[in-house]
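Structure first, then comments.
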Amino acid sequence: MSTRSSSTAEQLHPTQRESVESAVVRFAGDSGDGMQLTGSRFTEVTALAGNDLATFPDFPAEIRAPAGTTFGVSAFQINFGSTKVATAGDAPDVLIVMNPAALKVNQRDLRPGGTIIVDSGSFKERDLKKAGYDKNPLEDHSLGNFQLVPIDISALTMEAVKAQGLTNKESLRCKNMWTLGLVYWMYDRDRGPTHEWLRQRFAKRPELGEANIAALNAGHAFGETAEMPGIHGFRVAPAHIAPGLYRTVTGAEALAWGLVAGAQSVNLKMVFASYPITPASSILHTLAPLKSYGVTTFQAEDEIAAACAAIGASYAGSLGVTSSSGPGIALKMEAIGLAIGVELPLVVVNSQRAGPSTGLPTKTEQSDLYQAVFGRNADAPVAVVAARSASDCFETAIEAVRLAVKYMTPVILLTDGYIANAAEPWAVPDASKLAKNPVEFRTDPQGFHPFVRDEKTLARAWAIPGTPGLMHRVGGLERSYDTGHISYDPENHQKMTETRWNKIKRIADDIPPQAVDQGPFRGRMAVVGWGSTFGPISRAVANVRAKGHDVAHIHVRYIWPLPRNLGELLRGFDKVLVPEMNMGQLRTLLRSEYLVPAEGLNKVSGQPFKIAEVEQAILKALGV
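Numbering (our numbering), first residue to last: 1413 to 2036.
Below is the structure:
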């Protein structure tokens, strides 16, 4: 949260800058107003300025919604500061809205006394009606609790780019850059990287690049010269971070690179087979140009074909990977069951989204834990891991590859829409120092059959088809434990099912014991989270602990099997609270496995938790 004082800011001369520890800024407008691009550019220069940061791109519920409607609003929020930033922030300090619909959707989130910068040129009667306003909120005093800054950004942009000879439509499309220039001035950001980026982006139409640069500079000049309430400068000092090479990374990018690093760590080529689906498509887009790293990408005609192609790649001796979101994972499940039965490595990435069926594709939830752990016919266990943040996707992907190859099993890697699209600084690792676990394929024909197993892991031997003396076949029908031939023997099926189950259970011996992220190992309350709830829970627990309360934070990466010591750890607390963006899926799992009286904090709004929501729930559970 920002430490800015409105009264202090109002006392400053326009040329002076107020030092603040952090700030939360949200850009909001129509889906065609370029808010995601605007936010991404601001993120880049903020990272270059040395601030720690976290972002939340919030895409419209309907990508092709009619212009000016509330369900077509796109927003991008960034929280940046001179200290550690854990989330994209609860409430914006500054809200920039490009039309009435953006104001209507986002006003409720702005902190009291916060600044609203409005493109007043888009608040015409027609625009207001589309957004559902009976009166103009810029004139009816309904925004009296905020610092309202109406600016005719549309007109000022048209004037700024007039010299470039663009059409009116092309000129108006530059208004996001005018707005960005104003915010650059407010937070003392360097325009140079954006100038360079615009010239590269519009290299084939340089007049568009120069027009956008002119708009950016005009917005910056307006901030520098305008003496009006709400337009003043701030200074956010660089964060104190360990020396190293850093870059801003989204969860989808980090996950894709983690898969590549994981494949190289086991010395395998990777075949990534996927069907485009929101929000998982970005992984395919990131991997497609990486052919030089031994990556083959395949965009299949449907989800089943994608999963089966990945299984075929693993059968042939590559690392098969497939990705989707919840509805697509449901379609892949029969194929995943096949991979379980034939015991081949397969990494399945699930970028979770809100709602059943097609649901809310652009909104985030932790909706698929049940599906990942239990969502197949028969007794068909897989390993399940979950990333906690954008940068953590890299390490989690490497771990998913390691487990899949070592235990010859599918591994489901859970992210969500928030993690996939969010960005944060990432310390680029030294590739030479990443752990190496090269695969050892079976080459000795002596005593070979498809289900010869490692005594420790119970993983079957991995033999590449065509290896002399190792001819074999596998398929969906049950196979003999001792020969690999088709078997209908009931005792053999019992043995194969138990073996596959025990193989997954043994993974618990190969993962770290559950740690406590904050607080004691026993006490009054443990707040348990998984996936993208890490940031808000971490911050909320820190706030509550600062008030003197006995609370611990436990974050679970390994969803199945669970860490060996987790049950004992949870039994050391009087209360267990599990905040999740679902109706209580991890809570149910913890109750069933450990018989602990876990209680849930459940949110299914398609939006991530706010720190305040978790903090209030903790205090309520403590009886404070």
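Quick reminder that beta carbons are idealized off the backbone N, C-alpha and C, glycines included.
The structure displayed is predicted, hence computed values, not measured ones.
Backbone secondary structure at A1649 - three-state DSSP: Looking at A1649 - three-state DSSP - the assignment turns out to be coil, as it is neither helix nor strand.
Alpha carbon of A1421 to alpha carbon of A1638, nearest angstrom: The predicted position of A1421 is uncertain, since its pLDDT is 44 and thus under 50; a value taken from the coordinates is nonetheless stated next. Rounded to the nearest angstrom, the two C-alpha atoms are 15 Å apart.
Among L1825, N2014 and A1871, nearest to T1734 - alpha-carbon criterion: Checking every option, the nearest Cα to that of T1734 belongs to L1825.
Integer-rounded CB distance, given that T1662 should sit under 8 Å from A1927: No, A1927 and T1662 are not in contact; Cβ-Cβ is about 26 Å, not under 8 Å.
Inter-stretch contact at 8 Å, needing at least 3 Cβ pairs: the region 1680-1690 / the region 1521-1538: Look at the beta carbons and you see the region 1680-1690 not touching the region 1521-1538: under three pairs across the two are nearer than 8 Å.
Among S1944, H1961, P1924 and D1929, nearest to M1937 - alpha-carbon criterion: Comparing Cα positions, the closest option is H1961.
For P1822 and R1891, the rounded distance between their alpha carbons: Roughly 18 Å separates the two Cα atoms.
Pair within 8 Å by beta-carbon distance, Q1489 and V1432: Not in contact: Q1489 and V1432 (Cβ atoms no closer than 8 Å).
Spatially closest choice to I1752 from T1774, Q1783 and D1791, by CA coordinates: I1752 has its Cα closest to that of D1791, out of T1774, Q1783 and D1791.
Of the listed residues L2034, D1470 and N1463, nearest to T1495 (C-alpha basis): Considering only alpha carbons, the answer is N1463.
Element boundaries [beta strand (DSSP E), containing L1731]: Under the DSSP assignment, L1731 falls in the beta strand (DSSP E) whose first and last residues are L1731 to S1736.
Distance, P1837 Cα to F1646 Cα: As the crow flies, the alpha-carbon of F1646 is around 22 Å from that of P1837.
CB contact flag (V1506, G1493, <8 Å): Between V1506 and G1493, the C-beta gap is not smaller than 8 Å, which leaves the two residues out of contact.
For K1818, the first and last residue of its enclosing alpha helix (DSSP H): In the DSSP annotation of this structure, the continuous segment of the alpha helix (DSSP H) that includes K1818 starts and ends at D1804 to Y1819.
8 Å contact criterion, which A2024 and L2013 should meet: CB distance rounded: The pair is not a contact, with the Cβ atoms about 12 Å apart (cut-off 8 Å).
Runs of beta strand (DSSP E) wholly within the region 1540-1591 (minimum 3 residues, chain order): Complete beta strand (DSSP E) runs here, min 3: 1559-1563.
Beta-carbon separation (whole angstroms), D1442 vs G1484, contact threshold 8 Å: Under the criterion of beta carbons closer than 8 Å, D1442 and G1484 qualify as touching, at roughly 6 Å.
Top-ranked residue by Cα proximity to A1543, from I1563, P1850, S1566 and N1518: It is N1518.
Environment of T1895 [buried if 16+ CB atoms lie within 10 Å]: So T1895 counts as exposed.
Local Cβ density within 10 Å of M1640, reported as buried at 16 or more and exposed below that: Residue environment for M1640: exposed (fewer than 16 other C-beta atoms within 10 angstroms of its C-beta).
In DSSP terms, what M1682 is bridged to: As a beta-bridge residue in DSSP terms, M1682 pairs with V1707 and L1731.
Pair within 8 Å by beta-carbon distance, D1539 and G1480: Less than 8 Å separates the beta-carbon of D1539 from that of G1480.
Nearest-angstrom Cβ-Cβ length linking G1931 and V1886, presumed shorter than 8 Å: Rounded, the Cβ-Cβ distance is 48 Å, inconsistent with contact.
8 Å CB neighbourhood of I1716 in its chain, flanking five on each side removed: Cβ neighbours of I1716 beyond the five flanking positions: L1743, K1744, E1746 and A1747.
Close beta carbons around P1478, own chain, < 8 Å, minus the five adjacent residues each side: Result list for P1478: G1484 and K1542, in chain order.
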